[in-house]
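Quick note: the sequence shown, position 3, residue 3 per UniProt numbering, numbers continuous.
For each residue, glycine too, the CB sits at the ideal point set by N, CA and C.
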Amino acid sequence: MYDRPNRTDTDLLGIYLNDHLAGATVGTDRSRSLAESESERDPALADAVGPISDEIAEDRADLLRIMRSLDIPVRRYKIVAGRLAERAGRLKPNGRIVRRSPLAPMLELELLRLGVEAKAAVWRTLRRLADTDARLDPVHLDGLLGRADRQLDILEQLRLRQVDETFQPRAEALTAAQGASS
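Structure, rendered in structure tokens:
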């Protein structure tokens, strides 16, 4: 039942791209949520994530255009499932009952980074296919891949800054407390 010998490469590509479209939907929603939730607590983080969020939405639109050019139908149920999973992920316990945990931005940056890694993988896959499929524009795909690489660099810098902000204050407070008790 799961292994259909008559499935074509286009069928497999359709499954692959729809899975990535669902992930792109999650990434768009999650990045917007992060930028909005941090706008008051950490405006610098919100200002840095905002443009990346816009680019993630643009990349999702590019993926939709590519799917149309390849005559691959959008499987809406995958998008809905992705959105439901993203919203359910917001309900996870984070060590805080009423307010946002200091871990939340760091974990969300890690999730976004993983999503951008996956997006870069789909661009690389499509770029490879562009060598034999004239419907795919290799120059455009190279640009999308370059943008994904830049996004990865920015997200990693933001993540490392968040690591310092999340864990360093506790280490400094512990050191200060140990010094005061001596």
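- With respect to A118, G14 sits apart: the two C-beta atoms are not nearer than 7 Å.
- Put simply, the backbone Cα of S31 is about 17 Å away from that of S101.
- Three or more Cβ pairs closer than 8 Å define a contact, and the region 138-153 falls short of that threshold against the region 29-47.
- Taking C-alpha positions only, R135 is separated from L103 by approximately 43 Å.
- The C-beta of A61 has fewer than 16 other C-beta atoms within 10 Å across all chains shown, which makes the residue exposed.
- For S37, the enclosing alpha helix (DSSP H) has its first and last residue at 9-37.
- With fewer than 16 other Cβ atoms inside 10 Å of its own Cβ, V139 counts as exposed.
- A direct Cα-Cα distance of roughly 26 Å separates D29 from R127.
- If the five residues before and after L112 are omitted, its C-beta is found closer than 6 Å to the C-beta atoms of S31, L155, all from its own chain and listed in chain order.
- The DSSP-derived three-state label of D62 is helix.
- In the structure shown, the three-state DSSP call for I154 is helix.
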